[in-house]
Amino acid sequence: MSEITIKIDGKECRTKEGEYILNVARANDIFIPAICYLTRCSPTLACRICLVEADGKQVYACNAKAKDGMEITTLTENIAEERRAIMEVYDVNHPLQCGVCDQSGECELQNYTLELGVDEQHYSIPDVKREAKDWGLMHYDPGLCIVCERCVTVCKDMIGDAVLKTVPRGGEPLDKELKNSMPKDAYAMWNKLNKSLIGTTTGDTLECTNCGECIAVCPVGALVSTDFVYTTNAWELNSIPAACAHCSAGCHIYYDVKHTSIENPEPKIYRVKNEWNYVSLCGAGRFGYDFENRVDGKDEEAFKRAVEAFDRADTIRFSSAITNEEALILQKLKEKRGYRLVNEDANRYRKFMDTFSKVSGKSLYSGDLQKVHESDFVISVGSQLKSDNPRARFAFNNAIKMNKGAGLYFHPVKDPVVESFGKNLICINHKPGLEEAALYLVLDLFGDKESMPKEVVEYLESFHSKGTKTVEETVKEKVTETVTKTVKDEETGEEKEVTEEVTKMVPKKVTKEVEVDLNGLLDILGAPEDFSDKMVKMLAKKEKFSIILGEDLYDHPKAENLARLAGLIERCTNFDVVVLPSKTNTLGVSLICDLDDEAGEYVVGYNEDGDFKLSASGDGDLDMPALNQQEGTFTNVDKRVVPTNVALGYNGYLLNDIANELGLEAELTVDYTAALPESKGFKALEFDDLPNHYTNRGEEIRGYHLKICETETDECEYGKIDEKCALEGEIAYRCNPVLQFNEFTKKSHQLTEDAKVCVSPEKLESMGLSEGEKVRVIFANESIELPVEADKFIGGDILLVPDFDPEVNAGSLFASGRFQKVTIEKV
């Protein structure tokens, strides 16, 4: 889109043609009131308070698009009258309980009522009874609801659950005389408000993935975390900016903290907030916040044993739930003392990216989740998005909903949530082990054949052949009919019947055989028969392409070849590629640490098992702080180094204390921030110099982006698809339920749950089991017993076995890949 200039209240503003006036105003720090509109979602016109005058005509700023030379006036006498009347209507029958309301102090109804000077009420109508409802993690009070529809909009356009809607209120209709006596837009808004409340599309219960984004966007106290209701006043809370520590999205959050009680001065996290105008947050980040490791003080004896263990050890095994600074400490300890560093997760990712870089010619992938949001064609391969990286799922859905987008979703596990994103999405549930076929298909459909290796082009051509198919089409056929009709004789006036032949063209359906191009890759993947025809329509007028590649590809027996194919997609197509890191700081660890494949004889574990264990979850030999008790940085999926801050203090020892005892020298852990390796794209910036905010324009100003460097490319051989590698029969997939990522989400009081085998409802029925019954899942060399649970958000026959609970020992069960053939027995 071309850049244009418009004027708002006399101020020249540059923007893209077609941008909503409201967004232009916000980007230029010009205030236009708006209650119902959400950036990145479709306008609903529910509140109408964003009235402005554009070239002399009243329009709604949230829905009117900017045109070159347009002149906007944000306030006139008529607009002021309309806005005030709208706010009066919103205040009709709204409970006067601001003193105890959970939103008081940050309530937009309060703010706009004061901003627009509403100090008297001219309207009234009898109220109806509106009972509060507990929807699990969310509490809905319809008595406080102003039906702005933000929750409905964000659930549909951003999250993709689409489980909220407006339902009838059941009150008295407005007096018809009001239509003539009150401002037009205020009446129209009130007429709609008076008929509606918010309800669910799933009956009395709310059946969704529990992201809680509806809570975040609610402008009043109608939607609140059930756990937060009546626990504190908003103005008493201290908001601490941080990064979510649960997955590789590293979302920007605020920990809202104050003392526990009058008797207990210890700080406590009461809730988590997010910058909902610019980035959405999943339920793990929103509800799984209290995973801190509280200790009374420094355990000197345990610290002494820890130092002795490090003196004895030849290996440090650690998880990716650590900061970049801690990863650098471990690397420096390796360089100083010769430890092996073992992290299976980050090592798999590093090897994949090393091979990827040798083919793509880039040190990292080009895409990020913001580019996914902005795309109009998105592909996902190798990730169960709603569990692996919810923000990637939000971006996928948002691209399809808001950009008139389309996409392809390749995954063995059927996903009803993803399938509901829209008609312009093809979901292909191929057999596990055929991920290479999916990447080859992407290259075949979108690759520049002239820039691809000759052997790959020839291999792709081998799948193509000519064939025929029967098609049905409508043709027009000439038909002659004999028609009898009654006519009046002009001379005698008598009626008589006459016959005549009438010829007309009538539609007729015929079938015929036509020659078509056949693609064997579609057969291997089990694509729908109309795939090719639908793709032609889906690709029309598409300009921005993104592809999301997930953990299934690098935790795979053929990961090396998959990395080569991913590198080719980066190099030879127009796709911006995103390779999702699997854990909190997988990308950072893979860049900072020189990782080893095997452990030695004596292992110190850091959030992993070992002969001596350092643990942030309180189950080890020496306690360590959890990530909500540390300051430092993560490297997230967007290749951005983002800062996080201490929400709750920690009284025990840090990894930095041990490192100093072993010969390193740093007063603070964050003293290592500026020393992160520049050769891997990091910058020599001090922790306190890292920004951490968003602008009104929606720009993310958090930390910095890693530098992407050009790399030398190597000639290599590309493996062929072996259909014998496809897994059949009973299959288990290492995948967590929605909201669970690790032992820290499990520890959070709102998300606490035990590990279960999750299956689709139809699979549970076919197994002849009831929920809660135990099954024994037998792998190649070991087995595990867990209760079984039906998960309505999956389909098909594959079992999901979690790894968030350390007791499951999923690392051993799934050592050779995320999919495994198993045998199932009822216990």
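All letters in the sequence shown, in the order written, are residues 2 to 828 by this note's numbering.
From the three backbone atoms N, C-alpha and C, an ideal C-beta is built for every residue, glycine too.
With respect to the alpha helix (DSSP H) encompassing residue i, which residues constitute its N-terminal and C-terminal limits?
i, result
"N348", "E345 to S361"
"Y188", "K185 to L194"
"I401", "P391 to M403"
"K538", "F532 to M539"
"K17", "Not the alpha helix (DSSP H): K17 falls in the beta strand (DSSP E), residues K12 to K17."
"K305", "E301 to R313"
Taking the beta strand (DSSP E) that residue i falls in, what are its first and last residues?
i, result
"G606", "V604 to Y607"
"T587", "Careful: T587 lies outside any beta strand (DSSP E), inside the alpha helix (DSSP H) at T587 to I593."
"A407", "A407 to F411"
"N693", "N693 to Y695"
"P762", "First-last for P762: P762 to M768, but that is the alpha helix (DSSP H), not the beta strand (DSSP E)."
"S197", "S197 to T201"
"F378", "F378 to V382"
"K684", "Note, K684: premise wrong, no beta strand (DSSP E); not H, not E."
"E711", "Element bounds for E711: n/a, residue is neither H nor E."
"S320", "Taken as a continuous stretch (DSSP letters only), S320 belongs to no beta strand (DSSP E), as it is neither H nor E."
"P169", "L165 to P169"
Suppose the cutoff is 7 Å on Cβ atoms and the five residues either side in sequence are ignored; what does the same chain contact list for residue i look like?
i, result
"F635", "A244, G251, T324, N325, T585, N586, G589, V643 and T645"
"G213", "L138, M139, S226, G284, R287 and F288"
"D689", "none"
"K479", "T504 and M506"
"M71", "I7, A55 and D56"
"G521", "F464"
"V515", "T469, K470 and V472"
"N192", "L175"
Grab me the residues of residue i's own chain with a C-beta within less than 6 Å of its C-beta, minus the 5 sequence neighbours each way, in chain order.
i, result
"C51", "L23, I33, A35, Y61, A62 and C63"
"L526", "I429, H431 and A438"
"N425", "A407 and M539"
"I31", "I9"
"E561", "T356"
"Q741", "F805"
"C736", "Q385, S388 and L801"
"L592", "K681"
Based on DSSP bridge pairs, tell me the residues matched to residue i.
i, result
"P268", "H260"
"N239", "V258"
"Q59", "E54"
"E482", "V503"
"K274", "Y255"
"G650", "The partner list for G650 (beta bridge, DSSP) is empty, contrary to what the question assumes."
"M139", "W136 and S226"
"V488", "K497"
"Y21", "K66"
"Q821", "A733"
"P508", "K477"
For residue i, which option in the options has the closest C-alpha, if you only look at C-alpha atoms?
i, options, result
"D755", "E18, P803, W236 and I709", "P803"
"M183", "F288, S125 and L691", "S125"
"T500", "V511, G494 and V484", "V484"
"A791", "S767, G812 and S367", "S767"
"T504", "E482, E516 and E491", "E482"
"I732", "K764, D69 and L175", "K764"
"V101", "K269, G521, G222 and I263", "G222"
"E703", "A47, I254 and T114", "Strictly speaking, residue 703 in this sequence is Arg, with Glu absent from that position. With distances taken between Cα atoms, R703 lies closest to I254."
"L110", "L342, H95 and E121", "H95"
"D518", "D723, S533 and V457", "S533"
"C726", "P807, G434 and C219", "G434"
"E276", "Y460, S240 and C48", "S240"
"A217", "S262, E666, T753 and I160", "I160"
Can you list, in chain order, the residues of its chain with a C-beta nearer than 8 Å to that of residue i? Leave out the 5 residues immediately preceding and following it.
i, result
"C710", "K363, S364 and G682"
"V809", "A756, I785, L787, V802 and P803"
"F177", "Strictly speaking, residue 177 in this sequence is Lys, with Phe absent from that position. So the list is empty, once near-sequence residues are dropped."
"Q332", "L342, I593, C594 and D595"
"D92", "L110, T114, V119 and Q122"
Is any non-hydrogen atom of the ligand FMN found closer than 7 Å to the C-beta of residue i, if you look at the structure I gave you?
i, result
"I525", "Of the ligands one can find in the structure shown there are none, so the ligand FMN has no counterpart to examine."
Assuming residue i and residue j are in contact, meaning their beta carbons sit under 8 Å apart, how far apart are those beta carbons, in whole angstroms?
i, j, result
"T316", "V604", "5 Å"
"H374", "N390", "That belief does not hold up - the Cβ atoms of H374 and N390 are roughly 14 Å apart, past 8 Å."
"A660", "I427", "With a Cβ gap of about 51 Å, A660 and I427 do not count as contacting."
"T574", "F447", "4 Å"
"V580", "S249", "Not really, about 10 Å apart at Cβ, beyond 8 Å."
"C108", "P220", "7 Å"
"A567", "L440", "7 Å"
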